[in-house]
Amino acid sequence: MTFGLLALSACDKPTPLATVTVGSTTVTTEAACYEEGKELGEKALEECTKDKTPKTIKVKHGDKVRVGVEPDIADKGWVALTSGPMGPVQRSNQLKQTYTTLNGDELFVNQQLRRVEDSTILTVLTKDGVWNFKLELDKG
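The following block contains the structure:
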């Protein structure tokens, strides 16, 4: 019995979840980085947005991308960002709701290079956490 309690206490506490839904497909992920109640430093934020293994979801032309967060995340305020060649592009104002809907077509447009990208990283950002998703343009 003691071993079970010891093993449980050694486990990391799960982070709040963020979810992306496109059509009938949903992916959910824990944070790439999360420091509950402590502000992530700029260097940590930069590293966290470079998560090499984000969950992937396909987006077709005309799709809406729905982003959802747990109430704990919403209460702190959050923004949605996508990756860009000159750094992250903010896709929402700071939100206090548990979800937002984004225009899928706009998420792949690279304004600086004036072209449509095949994929982008969608990031949910709070002062103490980062959640990443890879969006792939489904041309089929």
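With the numbering used here, you'll find the sequence shown wraps up at 264, consecutive numbering, no jumps. Positions of the beta carbon are idealized from the N, C-alpha and C atoms, including for glycine. From a predicted model like this one, the values you see are computed outputs, not experimental measurements.
Start and end residues, beta strand (DSSP E) containing residue 204 | 203–206
Report the option in 146, 161, 148 and 149 whose CA atom is closest to the CA atom of residue 140.
-> Closest option to residue 140, Cα to Cα, is 161.
Do the CB positions of residue 234 and residue 208 come within less than 8 Å of each other?
-> Yes. Within cutoff.
Under a Cβ-count criterion, where at least 16 other Cβ atoms within 10 Å of its own Cβ denotes burial, should residue 223 be classed as buried or exposed?
-> With fewer than 16 other Cβ atoms within 10 Å, it is exposed.
Residue span of the alpha helix (DSSP H) that contains residue 228, given as start and end | 228–231 is the span of the alpha helix (DSSP H), which, as asked, contains residue 228.
Quick one: which unbroken beta strand (DSSP E) runs of 3-plus residues sit fully inside the region 153–203? Chain order, please.
-> 179–184 and 188–193
Are the Cβ atoms of residue 231 and residue 219 separated by less than 8 Å?
-> Cβ atoms of residue 231 and residue 219: not closer than 8 Å.
From the beta carbon of residue 184, is the nearest beta carbon of chain C less than 8 Å away?
-> The structure shown contains no chain C, having only a single protein chain.
Residue from 237, 239, 201 and 236 whose Cα sits closest to the Cα of residue 221 = 201
Which residues bound the beta strand (DSSP E) around residue 247?
-> 243–250
Beta carbon of residue 248 nearer than 8 Å to that of residue 204 | At the C-beta level, residue 248 and residue 204 come within 8 Å of one another.
Near residue 206, which residues of its chain fall below 6 Å by C-beta distance, leaving aside the five closest residues on each side in sequence?
-> 213, 215, 231, 244 and 246
Can you list, in chain order, the residues of its chain whose CB lies under 7 Å from that of residue 156, leaving out five sequence neighbours each side?
-> 172, 175, 254, 255 and 256
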